[in-house]
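438 is the number of the first residue of the sequence shown in my numbering; add one for each residue after it. Note that CB positions come from ideal geometry on N, CA and C, so glycine has one too.
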Amino acid sequence: MQIKQSVKLKKPLIHCITNPISINDCANMVLAVGAKPIMAEHPLEVEEITAVSKALGVNLGNITDTRMKSMLISGKIAFENKIPQVIDLVGVGCSKLRLDYAKKFISECHPNVIKGNMSEIKAICGIKSNSKGIDVGEADIVTEGNFDENIDMLKKLSLQTGSVIAATGVTDIITNGTHTYLIKNGCEMLSMITGTGCMLTALTASYISSGNILEGTVLAIALMGICGELSQNVKGTGSFRTDLIDNMFSISDDMIIKKINIKRLI
438 MQIKQSVKLK KPLIHCITNP ISINDCANMV LAVGAKPIMA EHPLEVEEIT
488 AVSKALGVNL GNITDTRMKS MLISGKIAFE NKIPQVIDLV GVGCSKLRLD
538 YAKKFISECH PNVIKGNMSE IKAICGIKSN SKGIDVGEAD IVTEGNFDEN
588 IDMLKKLSLQ TGSVIAATGV TDIITNGTHT YLIKNGCEML SMITGTGCML
638 TALTASYISS GNILEGTVLA IALMGICGEL SQNVKGTGSF RTDLIDNMFS
688 ISDDMIIKKI NIKRLI
């Protein structure tokens, strides 16, 4: 909980280059945990913006030429200045443009965290992906039968890239190649409103700003799942979206300890 309190106290500036579909919710999620968002994406200013920020979050959703240019500029500046950064691999399983760009970004910018569903992670690894648009394909879902091989794949990718790998799904898997965590929090409604994955990327950027990359990523993913669970007993998806941000703002340490469903693999 030290990371959570530190972010509230220090109010770090978080630079998010995300898509217009979710930009407002991403900014509000950053604010909900006590950090300060800036959503700059013009290529002529992002170098300055990233340089004075405490973390960078980039998202490949609804990609454009301008955003691609800006993300690469920001990613390189973040790497040069040792500013923690996370890339969200939205859609790389169904778009060669996004896949090629993501590989270039990872190679040149060395993000601290690589986040995606299992279809997206498999695509980055050069393994046949069965994505369903931007969603994970049924054939790529982690099961008891393919669990070990998927864990090995994620660990290998982490060691190759030097990044924490965050594979989101019914069971979230986070690994730095040595330590691996499984998180089983969340609810179906998280997949029924747009932008929750983007919000999670912004939340991850907020918490890795502490410099604790693995722990910050685990905290972000656990909190999103727990707040989803706390928000699901509502009239519909509109109310869920509002409650999700409200619960992120108000959740107590005691509630996190009570609700978290996490396992560390030996």
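Beyond the five residues adjoining it in sequence on each side, Leu640 comes within less than 8 Å, by CB distance, of Met466, Val467, Val470, Ala657, Leu660, Met661, Met685 in the same chain, given in chain order. Rounded to the nearest angstrom, the Cβ distance from Met636 to Ala604 is 17 Å, too far for a contact under 8 Å.
Straight-line measurement puts the Cα of Thr501 at about 13 Å from the Cα of Ser532.
Contact check for Leu450 against Pro480 fails: the beta carbons are separated by 9 Å or more. Annotation: Leu651 to Arg535 spans about 25 Å, alpha carbon to alpha carbon. In this structure, Gly623 sits near Val607, with a CB-CB distance shorter than 9 Å.
Exposed is the label assigned to Leu702, since fewer than 16 other Cβ atoms lie within 10 Å of its Cβ. In the three-state reduction of the DSSP assignment, Lys696 falls in the helix class. In the structure shown, Leu446 adopts helical secondary structure according to DSSP, grouped into three states. Annotated as distal: Gly498 and Ile558, with beta-carbon spacing of 9 Å or more.
By the C-beta criterion, the region 516 to 525 is judged to be in contact with the region 487 to 496, since at least 3 inter-stretch pairs fall below 8 Å. Within the region 499 to 582, the alpha helix (DSSP H) runs of at least 4 residues that lie entirely inside it are, in chain order, 502 to 517, 533 to 546, 555 to 561.
By the Cβ neighbour-count rule, Ser646 is buried, with 16 or more other Cβ atoms within 10 Å of its own.
DSSP places Cys453 in the strand class (E or B) of the three-state scheme. With 16 or more neighbouring CB atoms inside 10 Å of its own CB, Phe542 falls in the buried class. When secondary structure is reduced to three states using DSSP, Lys491 falls in the coil class, being assigned neither helix nor strand.
When the beta-carbon positions are compared, Gly632 and Asp462 come within less than 9 Å of each other.
Judged by DSSP in its simplified three-state form, Leu637 adopts helix. Ile694 counts as exposed, since fewer than 16 other C-beta atoms from the protein chains shown sit within 10 angstroms of its C-beta.
Lys621 counts as exposed, since fewer than 16 other beta carbons sit within 10 angstroms of its beta carbon. Residue state for Leu702 is assigned as strand, using DSSP reduced to three classes. Val444 sits away from Thr638, with the two beta carbons spaced by 9 Å or more. Annotated three-state conformation of Thr605 is strand, per DSSP.
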